[in-house]
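Engineer: Protein chains in written order, with my numbering: chain A, 294 to 664; chain B, 163 to 392.
We treat Cβ as the ideally placed atom computed from N, Cα and C, and that holds for glycine.
Written out as structure tokens, the structure reads:
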């Protein structure tokens, strides 16, 4: 294998694929990137056995071939090479060492045989849908903050994508929850998605996918089965296993009988919570929201730091005092782009719904703190 | 504001698996399972399935329903419907949890007529109750004699092996995998009942979700200490 490639193009591809590779690996080959030079293209593949990214980039290939080289090391080398340089990759005759050359720099990297490299991306997936990149971005951005990071609840460690019916309209819905709050976002159901299986996409896949979307074309092709999902971009294919678990019946935790409604300016609300929560201590970051007539008082107190209060004017007249984790409130209010944030409450021990007045496609549920 | 605020979790209740393969069998309930499996070879028109709260009577009745296609009759219908109307609901019937309706003359009269209809037509129905018929206070002597003569499939307090399996099943219904050390910690410290197992698992699930922790021995220590305070 011998090829020459522009440093910027190689770095861009390595940036995409290297983040799949875990820093610590018990299986040595998983630390490597699979390099395949063929027909004027260099294809780079990395995997952690659950997720695979495969990217092709144009290169001046003088001799076809394949090998695997340490992904993070190769990425670090290419990152440090001078901008505008050309990089030459050449595998020795024994297939054990690859030389990386640029200008006066030369590196020799140990390689592992390509036959040992696991392939999880192969195989046909029965369902196929095309989703505009902007919609997929919104499905992720509006919900990802609510994903659980607690490993025991493996079935909450991702976003649940599924077709649903919203008052007679077919939608593609994304839902995430960590058991303390829940985020739901929906878009019109794309063609061909009515029969798609309901799937839970793992957290790491969501993170990698989100990084790639910004550089994607207008539309992203999604192929999926009960066990795997594949996202096809221009020259990038991301294939991931899905979470083998049952997402909870989330509809039952979205309250329908809450009757205390109040509207607040989301920007003022967000800044006030942020300021007041400076005082709240502990993991819970507790703030108390007291609504009294047209006034909202946000307060926090801490044995060590002192106390804080801030008042806001609201639309609607209700009386209630309820505690929340400030971080959870901020995560939600920072998603609200419109001018009105609507809170629908019941009592201090029940779920509260938060919605963007101008965006019916998103809905958030937050559970209170007992303060 | 409390020094340590407590996060209330979303109420995701686990779904119970109620199939025959999900029903766990041990020495305490194998006789009852034997009676269910023996149908239609029952000696009379009624089988009484008896056992304490949360011992699995409804689950075993659901297993029998899957086998027979029986209709489930709410026991309060003994007051609102006639025996003929109830008998017309299905070829085989389940009356789940009749204890509160005993000692009510009207309800017992309907049940007595229902018994006679099923005996006459050689049909079968299943009654579940917490109390054994021999200890129940019937007001109609003819019903008392028939119910006390009926075969009784009893579910007794569970042994350790069954209780351990039930705990694992209850955690598994909630998609929670637990280590042996957790089960070993719970078993000698819990009340010997299915209801206690259900309460412990439900409470442990809620506390773990609230505190974003796994199901561990320290968590169970906290949960069981809290339960003793109530």
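1) If you draw a straight line from the alpha carbon of residue 333 of chain B to that of residue 218 of chain B, how long is it in whole angstroms?
2) If you run the structure through DSSP and keep just helix, strand and coil, what is residue 305 of chain A?
3) Can you tell me the Cα-Cα spacing of residue 163 of chain B and residue 659 of chain A, whole angstroms?
4) Alpha carbon to alpha carbon, how far is residue 261 of chain B from residue 234 of chain B? Give it in angstroms, no decimals.
5) Going by beta carbon distance, what residues of the same chain come within less than 6 Å of residue 628 of chain A, once the five residues before and after it are set aside?
6) Please classify residue 241 of chain B as buried or exposed, where buried requires at least 16 neighbouring CB atoms within 10 angstroms.
7) Are the segment 338-357 of chain B and the segment 412-427 of chain A in contact at 8 Å, needing three or more beta carbon pairs?
8) Please classify residue 215 of chain B: does DSSP put it in a helix, a strand, or coil?
9) Compare the C-beta of residue 645 of chain A against all C-beta atoms of chain B and say whether one is closer than 7 Å.
10) Excluding five sequence neighbours on each side, which residues of the same chain lie with their C-beta closer than 8 Å to the C-beta of residue 539 of chain A?
11) Return the chain-ordered list of same chain residues with a C-beta closer than 8 Å to the C-beta of residue 386 of chain B, the five sequence neighbours on each side being excluded.
12) In the DSSP output, which residue or residues are listed as bridge partners for residue 743 of chain A?
13) Please confirm if the segment 437-456 of chain A is in contact with the segment 530-546 of chain A, defined as three or more CB-CB distances below 8 Å between the two stretches.
14) Is it buried or exposed, residue 212 of chain B, if we count other Cβ atoms within 10 angstroms and call 16 or more buried?
15) In terms of DSSP beta bridges, what is residue 524 of chain A paired with?
16) Please name the residues in the segment 311-334 of chain B whose beta-carbon is closer than 8 Å to at least one beta-carbon of chain A, in chain order.
17) Which value, in whole angstroms, describes the spacing of the CA atoms of residue 633 of chain A and residue 616 of chain A?
18) On the premise that residue 603 of chain A lies in contact with residue 591 of chain A, defined as a C-beta separation below 8 Å, what is that separation, rounded to the nearest angstrom?
19) Using alpha carbons as the reference points, say which of A:495, A:392, A:663, A:298 lies closest to residue 668 of chain A.
20) Determine the DSSP secondary structure at residue 300 of chain B, reduced to helix, strand or coil.
21) Got a sec: is the Cβ-Cβ distance from residue 373 of chain B to anything in chain A below 7 Å?
22) With DSSP run on the structure shown, which of helix, strand or coil describes residue 647 of chain A?
23) I'd like the span of the alpha helix (DSSP H) that includes residue 342 of chain B, first residue to last.
24) Throw me the rounded Cβ distance for the residue 555 of chain A and residue 636 of chain A pair, which I believe falls under 8 Å.
25) Are residue 364 of chain A and residue 412 of chain A touching if we call contact CB-CB under 7 Å?
26) Residues of chain A with a CB under 9 Å from the CB of residue 238 of chain B: which are they?
27) How far does the alpha helix (DSSP H) with residue 482 of chain A in it reach, from first residue to last?
28) Below 7 Å CB to CB, which residues in the same chain sit around residue 562 of chain A once its five sequence neighbours on both sides are set aside?
29) Residue 663 of chain A by DSSP, collapsed to three states: which one?
30) Hey, how far is the Cα of residue 320 of chain A from the Cα of residue 528 of chain A?
31) Counting along the chain, where does the beta strand (DSSP E) carrying residue 315 of chain B start and finish?
32) Using 10 angstroms around the beta-carbon of residue 342 of chain A, count the other beta-carbons present and answer buried if the total reaches 16, otherwise exposed.
33) Around the Cβ of residue 649 of chain A, are there at least 16 other Cβ atoms within 10 angstroms (buried) or fewer (exposed)?
34) Residues in the same chain with beta-carbon distance under 8 Å from residue 171 of chain B, minus the five sequence neighbours each way, listed in chain order, please.
35) Three or more C-beta pairs closer than 8 Å, one from the segment 542-555 of chain A and one from the segment 473-481 of chain A: is that the case here?
36) Can you tell me whether DSSP reads residue 425 of chain A as helix, strand or coil?
Structural biologist: Reading it off the structure:
1) To locate residue 333 of chain B, count along the second chain from 1; it is residue 171. To locate residue 218 of chain B, count along the second chain from 1; it is residue 56. Computed Cα separation, rounded: 16 Å.
2) As a first step, residue 305 of chain A is located in the first chain; it is residue number 12 there, counting from the start. Reduced to three states, the DSSP call for residue 305 of chain A is helix.
3) As a first step, residue 163 of chain B must be located in the second chain, where it is residue number 1. As a first step, residue 659 of chain A must be located in the first chain, where it is residue number 366. In this prediction, residue 163 of chain B scores a pLDDT of 49, lower than 50, which makes its location untrustworthy; no coordinate-derived value is stated.
4) The residue you call residue 234 of chain B lines up with position 72 of the second chain. The residue you call residue 261 of chain B lines up with position 99 of the second chain. Whole-angstrom Cα-Cα distance: 16 Å.
5) As a first step, residue 628 of chain A must be located in the first chain, where it is residue number 335. Hits under 6 Å: 435.
6) On the second chain, residue 241 of chain B is found 79 positions in, with the first residue counted as 1. Looking at its Cβ environment, which holds fewer than 16 other Cβ atoms inside 10 Å, residue 241 of chain B is exposed.
7) no
8) If you number the second chain from 1, residue 215 of chain B lands on position 53. Residue 215 of chain B: coil per DSSP, three-state reduction.
9) Here residue 645 of chain A refers to the residue found at position 352 of the first chain. Not an interface residue.
10) The sequence position of residue 539 of chain A within the first chain is 246, counting from 1. Closer than 8 Å at Cβ, skipping near neighbours: 448.
11) Position 224 of the second chain, counted from the start, is the residue given in the question as residue 386 of chain B. Closer than 8 Å at the Cβ level, and outside the excluded window around residue 386 of chain B, lie 348, 351, 352, 362.
12) Only positions 294 to 664 of chain A appear in the structure, and residue 743 of chain A is not among them; the question remains open.
13) yes
14) One-based indexing of the second chain puts residue 212 of chain B at position 50. Per the 10 Å Cβ criterion, buried.
15) Position 231 of the first chain, counted from the first residue, corresponds to residue 524 of chain A. BP columns for residue 524 of chain A point to A:515, A:531.
16) none
17) The residue you call residue 633 of chain A lines up with position 340 of the first chain. The residue you call residue 616 of chain A lines up with position 323 of the first chain. Cα-Cα distance, rounded: 21 Å.
18) The residue given as residue 591 of chain A occupies position 298 in the first chain. The residue given as residue 603 of chain A occupies position 310 in the first chain. About 5 Å separates the two Cβ atoms, so the contact holds.
19) Residue 668 of chain A is absent from the structure shown; chain A starts at 294 and stops at 664.
20) Within the second chain, residue 300 of chain B is the residue found at index 138, counting from 1. Residue 300 of chain B: coil per DSSP, three-state reduction.
21) Taking the second chain and counting its residues from 1, one reaches residue 373 of chain B at position 211. Chain A, which has no Cβ nearer than 7 Å to the Cβ of residue 373 of chain B, makes this no.
22) Counting from one through the first chain, the residue named residue 647 of chain A turns up at place 354. Three-state result, residue 647 of chain A: strand.
23) Taking the second chain and counting its residues from 1, one reaches residue 342 of chain B at position 180. Segment 342-348, the alpha helix (DSSP H) holding residue 342 of chain B.
24) In the first chain, residue 555 of chain A corresponds to position 262, counting from 1. In the first chain, residue 636 of chain A corresponds to position 343, counting from 1. Confirmed, Cβ separation roughly 5 Å.
25) Taking the first residue of the first chain as 1, we reach residue 364 of chain A at position 71. Taking the first residue of the first chain as 1, we reach residue 412 of chain A at position 119. Not closer than 7 Å, so no.
26) Position 76 of the second chain holds residue 238 of chain B. Near residue 238 of chain B there are no residues of chain A at all, since even the closest Cβ is about 26 Å away, more than 9 Å.
27) Within the first chain, numbered from 1, the residue matching residue 482 of chain A stands at position 189. No alpha helix (DSSP H) contains residue 482 of chain A, which DSSP labels as neither H nor E.
28) Reading the first chain from its first residue, position 269 is the one you call residue 562 of chain A. Around residue 562 of chain A: 605, 626, 634.
29) Working through the first chain from its first residue, we reach residue 663 of chain A at position 370. Residue 663 of chain A: strand per DSSP, three-state reduction.
30) Start at 1 with the first residue of the first chain, and residue 320 of chain A comes out as number 27. Start at 1 with the first residue of the first chain, and residue 528 of chain A comes out as number 235. Cα to Cα, residue 320 of chain A sits roughly 28 Å from residue 528 of chain A.
31) Taking the second chain and counting its residues from 1, one reaches residue 315 of chain B at position 153. Counting along the chain, the beta strand (DSSP E) containing residue 315 of chain B begins and ends at 314-316.
32) Residue mapping note: residue 342 of chain A aligns to position 49 of the first chain, counting from 1. Per the 10 Å Cβ criterion, exposed.
33) As a first step, residue 649 of chain A must be located in the first chain, where it is residue number 356. Burial call: buried.
34) Locating residue 171 of chain B in the second chain gives position 9, where the first residue counts as 1. If we look at residue 171 of chain B and ignore the five residues flanking it on each side, its Cβ neighbours are 368, 371, 372.
35) yes
36) Along the first chain, one-based indexing puts residue 425 of chain A at 132. In the structure shown, residue 425 of chain A sits in a strand (DSSP, three-state: E or B).
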